[in-house]
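Residue numbers (the working numbering): 15 to 261. Here a beta-carbon is modelled for each residue, glycine too, at the ideal position from N, C-alpha and C.
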Ligand SMILES: NC(=O)c1ccc[n+]([C@@H]2O[C@H](COP(=O)([O-])OP(=O)(O)OC[C@H]3O[C@@H](n4cnc5c(N)ncnc54)[C@H](OP(=O)(O)O)[C@@H]3O)[C@@H](O)[C@H]2O)c1
C-alpha cells in the first residue's frame with residue numbers, strides 16, 4: 015500500500031529529467047499521475063508506459079505552460095479526467111543563458127513566461143479545485159541559482175528567486191484550506207538541462223560541490239515526495255537538495 019493511494023497528481027515538465035523522476039515516484043506511492051510536457055510526445059508516452067508497468071495509472075497532459083489559456087485548460091482537463099486534483103508539482107523550466115550585456119528581451123521574456131508565469135497559471139487554476147476539496151499539496155521546483163545568482167542567468171535566477179517568494183505568499187493564503195505550498199531547490203542535477211553546460215564548466219562546478227558529484231533526478235524527487243506524503247504541517251518552506259553546494 016502506497017502513501018498516496020487514492021490521490022491524483024499533476025507534474026509539469028514530466029517527460030524528462032527531474033519531472034519524470036517525480037512522476038514515477040508519485041506513481042510508486044500510489045498516486046494517479048498526469049504527465050505534462052510541451053513537445054516530447056514519445057518521451058512523455060514512455061513515462062506513462064513506465065507508470066503502467068509499475069501497476070500505476072497515468073494520463074498525458076500536453077500543453078505549453080507559458081500560455082495562460084493552454085495551462086489553465088490543461089489543469090481543468092486533468093481534474094475532470096481524474097475527478098479530483100490533490101497534488102500539483104510545478105517543475106517545467108527552461109534556460110536561455112546569456113550575459114546581461116547580450117541578453118535580449120525575447121530571452122528574458124521566454125524564461126519568465128515558462129518558469130514563473132507558468133507556475134502562476136497552473137497554481138491559480140488548481141486553487142479552486144483544491145480549496146473545494148479542503149486538501150492540496152503544491153511543490154514548486156526552484157533552483158540553487160535563484161538564491162545565489164549565476165553568470166549568464168539573470169532571467170533564470172530572477173524566475174527562480176520569484177518562485178521562492180511566490181511559494182511563501184501562496185502558503186500564507188492557502189493554509190486555511192489545508193493546502194501546503196513548498197519549494198524544492200535542486201543544485202546541479204544530471205539532466206538534459208544541465209547537459210547544455212559546457213564540459214569544462216561542469217568540471218569546475220563539480221570541484222565546488224562538497225559531495226563531489228552532481229545530483230540525480232531521483233534524489234530531487236525524494237524530497238518532493240517527502241513534502242507531499244509526510245509534510246502535513248510543513249508549508250512555505252524551502253528544501254535545498256544540492257550536495258552542499260549552497261548552505
Ligand atoms: N538540472 C538542473 O541542474 C537543475 C538545477 C536546478 C533547478 N532545476 C529545475 O528543475 C526543473 C526541471 O529541470 P530538468 O533539468 O529536469 O529540465 P529538462 O530535463 O530540460 O526538462 C524540462 C521539462 O520541462 C518541460 N517544459 C519546458 N518548457 C515547457 C513549457 N513551456 N510547457 C510545458 N512543459 C515545458 C519539458 O517538456 P518537453 O520534453 O516536451 O520539452 C521537459 O519535460 C526546472 O524547473 C529547472 O529549472 C534543474
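Same chain, Cβ closer than 6 Å to residue 78, five either side skipped, listed in chain order: Against the chain shown, residue 78 aligns to sequence position 64. Excluding the 5 residues flanking it on each side, residue 78 has same chain C-beta neighbours closer than 6 Å at 52, 84, in chain order.
Closer than 8 Å to chain D by CB, residue 255: The structure shown contains no chain D; it is built from a single protein chain.
Distance CB(residue 198)-CB(residue 229) smaller than 8 Å: Translated into positions along the chain shown, residue 198 becomes position 184. Translated into positions along the chain shown, residue 229 becomes position 215. Taking C-beta atoms as the reference points, residue 198 and residue 229 fail to come closer than 8 Å.
Touching by the beta-carbon criterion (3+ pairs, under 8 Å), the region 28–42 and the region 229–247: Counting Cβ pairs under 8 Å, three or more are found: they touch.
Exposure label - residue 133; buried when at least 16 CB within 10 Å: Counting from one through the chain shown, the residue named residue 133 turns up at place 119. Buried, because 16 or more other Cβ atoms sit within 10 Å of the Cβ of residue 133.
Cβ-Cβ distance between residue 100 and residue 151 below 8 Å: On the chain shown, position 86 is the one that residue 100 refers to. On the chain shown, position 137 is the one that residue 151 refers to. With a cutoff of 8 Å on beta-carbon distance, residue 100 and residue 151 are scored as near each other.
Sheet register partners of residue 104 (DSSP bridge): Your numbering for residue 104 matches position 90 in the chain shown. DSSP output for residue 104 lists 154 as bridge partner(s).
Delimiting residues of the beta strand (DSSP E) encompassing residue 42: As a position in the chain shown, residue 42 is number 28, starting the count at 1. Per DSSP, residue 42 belongs to no beta strand (DSSP E); it is in the alpha helix (DSSP H), 31–42.
Residue from 176, 73, 63 with nearest C-alpha to residue 252: For the purposes of this step, residue 252 is taken as residue 238 along the chain shown, with counting starting at 1. The residue with the shortest Cα to Cα distance from residue 252 is 176.
Among 15, 224, 73, the one whose alpha carbon lies nearest that of residue 24: Taking the chain shown and counting its residues from 1, one reaches residue 24 at position 10. Looking at the Cα atoms, 73 is the closest of the given residues.
Span separating the alpha-carbon of residue 113 from that of residue 210: On the chain shown, position 99 is the one that residue 113 refers to. On the chain shown, position 196 is the one that residue 210 refers to. Taking the straight line from one Cα to the other gives about 16 Å.
Burial state of residue 200, where buried means 16 or more other Cβ atoms lie within 10 Å: Against the chain shown, residue 200 aligns to sequence position 186. Flag for residue 200 reads buried.
Other residues of its chain near residue 80: CB distance less than 7 Å, five sequence neighbours each side excluded: Taking the first residue of the chain shown as position 1, residue 80 is located at position 66. Counting only Cβ-Cβ distances below 7 Å, and skipping sequence neighbours, we find 127, 128, 131, 132.
For residue 216: DSSP bridge partner residues: Indexing the chain shown from 1 puts residue 216 at position 202. BP columns for residue 216 are empty, so no partner.
Per-residue DSSP class, three states only, for residue 56: Numbered from 1 along the chain shown, position 42 holds the residue referred to as residue 56. Helix at residue 56.
Cβ-based neighbour list, residue 135, same chain, cut-off 7 Å, excluding 5 preceding and 5 following: For the purposes of this step, residue 135 is identified with residue 121 of the chain shown, where counting begins at 1. Exclusion of the five residues before and after residue 135 leaves 79, 82, 85, 86 as the residues of its chain whose Cβ lies within less than 7 Å of its Cβ.
Runs of alpha helix (DSSP H) wholly within the region 109–150 (minimum 4 residues, chain order): Counting only runs of 4 or more, we get 119–126, 132–147.
Residue nearest to residue 238 in terms of C-alpha spacing, selected from 124, 76, 156, 107: Counting from 1 along the chain shown, the entry for residue 238 is found at position 224. Among 124, 76, 156, 107, the Cα nearest to that of residue 238 belongs to 156.
One or two residues paired with residue 20 in a DSSP bridge: Taking the chain shown and counting its residues from 1, one reaches residue 20 at position 6. Beta-bridge pairing by DSSP links residue 20 to no other residue.
Reduced DSSP category for residue 199 - H, G, I as helix; E, B as strand; rest coil: As a first step, residue 199 must be located in the chain shown, where it is residue number 185. DSSP places residue 199 in strand when its eight states are reduced to three.
Validate contact between the region 201–221 and the region 118–125 using beta carbons, cut 8 Å, 3 pairs: With the cut-off at 8 Å, the region 201–221 and the region 118–125 do not touch.
6 Å CB neighbourhood of residue 250 in its chain, flanking five on each side removed: Taking the first residue of the chain shown as 1, we reach residue 250 at position 236. Taking residue 250 as the centre and dropping the five residues before and after it, the same chain places the C-beta of 182, 185 closer than 6 Å to its C-beta, in chain order.
Cα-Cα separation, residue 169 to residue 162: For the purposes of this step, residue 169 is identified with residue 155 of the chain shown, where counting begins at 1. For the purposes of this step, residue 162 is identified with residue 148 of the chain shown, where counting begins at 1. Roughly 13 Å between the two C-alpha positions.
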